[in-house]
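Peer 1: Sequence positions in the sequence shown follow this note's numbering and run -14 to 436. In this text, a Cβ means the ideal position worked out from N, Cα and C, and glycines have one as well. None of these values were measured; they are calculated from a predicted model. I am attaching a structure below and will ask some questions about it afterwards.
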Amino acid sequence: QDFVMEFSKFGRRLKRSPIRAVTLPAMQRKAAGHDVKMLAGGLPHEDNFPIKSMIINDQLELSYLNQGLQYHSGAGLTEFREEMLELLAPFHNLQNLSIDHICGTTGCTDGLSKAVELLTEEGDEIFVEDLTWPGFLAIAKARGRFVKPVKMDPQYGLDPEALEFALRNRQNSRKQPLLYTVPSGHNPTGVTVSEERKKLIYQICQKYNAIILEDDPYFFLAMDGQLPVSYLSMDTDNRVIRLDSFAKIFAPGLRLGVVIAPPAYIQKFLIANEQTCQFPCGLAQITAIALLRDWKKSKGGFSAHLTKLQTEYLRRRDILVHALKNQDAHHNVLDFTIPSHGMFLFIKQSIFSNADEFAQLLTQADVAVVPGSCFEPTFGDDDDLITIRGGSQGDGKYDDDNDPTDSITKKPCPFFRITFATASDEHLVQAATTIVSLLANIPQPPPSTPP
């Protein structure tokens, strides 16, 4: 029997505008070539659009451009959803799905904030890796959700045993707990979870009736050329909500992505779109459609673009890794795992107990890094906003004394995150030199001698 998602009070209250319920079917018929007399919605006439042409490799037809400039469904243009389903189907086993399973987003952040609102109530727990993207933590905390960290292994990702312990001992009585995870090229650690581990995690979520919120913006940045198996591709009972982003494979300024989920969720999501942003940016959608269609006509197509991206990220990663290892060869102050996906190195330095102070010194030396403490679920908590809850006391504090596994980091945090995605080759090498030089030249106390 299929898993049936339960919506929050907010999600259950969402109702579609009656005007849209009338106008959108008519607009779809018009787009399909019917001679529809549009007297219902307050749609501006297309002749009044000041943008008359747009060139994305090839010039777009005016009628096609006008679709992007006009009001349309909160799910996005039909053509956009069709193109995205065709693009993603081979990677996530979507061949038997329709566009009713896919909806446009104004980027992954938009998709995540709506997921939190649709699936959880204020005071609910959300389970996350014990190091995770601060953007999601901010989304959850601002909406009054309790963020529950689950131990992850620094080399293999989310720990199944720790997840089962957390779900079994959860404080909240909600029937469908929510797990937020970044499984590929994890931010900040760079870890990619194996297919075998994902199967275990999925089975645990089945056991405890949990929903998996799969945030996977680094999926295509596979520097080894091996795209991972997604949770969505192994979803047999409709409990996975997957977010894909254009930020890393096209451009972040498009603010465009998609959510893939059961149709009941998509229907709620598109109404949430219509009540906030109305719909994903039309110009961004037709830009994506034009690129995808152009790639279909070109030799290699999207695969060639992907290979180019992966090769470039591999080249950049290797420049930085080689520079760091070369500089650190005689000092041994750094420890890190080389990632196969994504754009980050998560480095443990051995000089400072807390990398925050080291990050400040690097800033003064014109090298920008992010200290690992920024990715801890407790980051930014204060007396007025305590958003970690756990243990048997339910006192608002996270108590993992009974947890069978320890966290990847214990405060203070000696890790820091760096990216090889942005800086020039020269700056990557210079930054590596500065990082090791600063650490190697910090005065150390003399070793203690036995009495």
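#1: How many angstroms separate the CA atom of ARG402 from the CA atom of TRP118?
#2: Going by DSSP, what residues sit across from GLN334 in a beta bridge?
#3: Three or more C-beta pairs under 8 Å: does that hold for the region 87 to 94 against the region 239 to 248?
#4: Alpha carbon to alpha carbon, how far is GLY142 from GLU180? Give it in angstroms, no decimals.
#5: Where does SER283 sit, in a helix, a strand or coil, going by DSSP?
#6: Just confirm the distance between the C-beta atoms of PRO362 and PRO134, as a whole number of angstroms; I'd bet it's less than 8 Å.
#7: So is PRO10 buried or exposed if we call it buried at 16+ other beta carbons inside 10 Å?
#8: Apart from the five residues on each side of it in sequence, which residues of its chain come closer than 7 Å, Cβ to Cβ, to VAL354?
#9: Pick from GLU107, ARG182, PRO265 and ARG128: whose alpha carbon is nearest that of MET137?
#10: Helix, strand or coil, according to DSSP, for THR363 in the structure here?
#11: Which residues does DSSP pair with LEU198 in a beta bridge?
#12: Considering only the beta carbon of each residue, do LEU255 and ALA60 sit closer than 8 Å?
#13: Thinking MET219 and LEU299 are a contact (beta carbons under 8 Å), I'd like their distance in whole angstroms, please.
#14: From the DSSP output, read off the bridge partner residues of ILE245.
#15: Which word fits THR174, buried or exposed, when buried means at least 16 other C-beta atoms lie within 10 angstroms of its C-beta?
#16: Measuring alpha carbon to alpha carbon, tell me which residue in HIS316, HIS315 and PHE331 is nearest THR322.
#17: With H, G and I counted as helix, E and B as strand and the rest as coil, what does DSSP make of GLY327?
#18: Which first and last residues belong to the alpha helix (DSSP H) in which THR63 is found?
#19: Could you check where the alpha helix (DSSP H) with LYS133 kicks off and where it finishes?
#20: By a C-beta neighbour count over all protein chains shown, 10 Å radius and 16 as the cutoff for buried, is ALA350 buried or exposed?
#21: Leaving out the 5 sequence neighbours to the left and right, which residues in its chain are closer than 7 Å to ARG302 when beta-carbon positions are compared?
#22: To which residues of the same chain is ALA269 closer than 7 Å at the C-beta, ignoring the five residues directly before and after it?
#23: By how many angstroms is the C-alpha of ASN339 removed from the C-alpha of ILE371?
#24: Compare the C-alpha of ALA100 against each of PRO202, ASP279, ILE197 and ILE304 and name the closest.
#25: On a Cα-Cα basis, can you pick out the residue from ALA195, GLU107, LEU212 and ASP109 that is closest to LEU148?
#26: Is there contact between the region 270 to 278 and the region 52 to 70, where contact requires at least three CB pairs shorter than 8 Å?
#27: What does the Cβ neighbour count give for ARG227, buried or exposed, with the cut at 16 atoms within 10 Å?
#28: Can the beta-carbon of PHE(-12) be found less than 8 Å from the beta-carbon of ASP222?
#29: Using alpha carbons as the reference points, say which of THR105, GLN140 and LYS293 lies closest to PHE205.
#30: On the DSSP bridge list, what partners appear for ALA207?
#31: PRO10 by DSSP, collapsed to three states: which one?
#32: Taking the C-alpha atoms as reference points, what is the distance between VAL243 and PRO202?
#33: Sorted by chain position, which residues of the same chain lie with C-beta nearer than 8 Å to ILE189's C-beta, five sequence neighbours on each side aside?
#34: For CYS262, which option in SER58, ALA249, ILE234 and HIS19 has the closest C-alpha, if you only look at C-alpha atoms?
#35: One question on the structure: do GLN312 and PRO399 come within less than 8 Å of each other, judged by their Cβ atoms?
#36: Can you tell me whether DSSP reads PHE(-8) as helix, strand or coil?
Peer 2: Well, looking at it:
#1: Going by C-alpha positions, ARG402 is about 12 Å away from TRP118.
#2: LEU319
#3: yes
#4: 11 Å
#5: coil
#6: 4 Å
#7: exposed
#8: ALA344, LEU347, PHE401, ARG402 and ILE403
#9: ARG182
#10: THR363 sits in coil when the DSSP states are folded into three classes, being neither helix nor strand.
#11: TYR165 and ILE226
#12: yes
#13: In fact, because the Cβ distance is near 27 Å, the residues do not count as touching under 8 Å.
#14: ILE87 and ARG227
#15: buried
#16: PHE331
#17: The answer is coil: DSSP assigns GLY327 none of H, G, I, E or B.
#18: 63 to 77
#19: LYS133 -> not in any alpha helix (DSSP H); beta strand (DSSP E) instead, spanning 131 to 135.
#20: ALA350 comes out exposed.
#21: Same-chain partners within the cutoff: MET208 and PHE405.
#22: Spatial neighbours of ALA269 in its own chain (CB-CB distance under 7 Å, excluding positions within 5 residues in sequence) are listed in chain order as LEU239, ARG240 and LEU241.
#23: Low local confidence applies: a pLDDT of 36 at ILE371 is under 50, so the model's placement there is unreliable, and no value is given.
#24: ILE197
#25: ALA195
#26: yes
#27: buried
#28: yes
#29: Closest by C-alpha distance to PHE205, out of THR105, GLN140 and LYS293, is LYS293.
#30: ALA207 pairs with HIS326.
#31: helix
#32: For the pair VAL243 and PRO202, the Cα-to-Cα distance works out to about 11 Å.
#33: So the qualifying residues of the chain are PRO145, LEU148, GLU149, LEU152 and ALA195.
#34: Per the Cα distances, SER58.
#35: no
#36: Coil.
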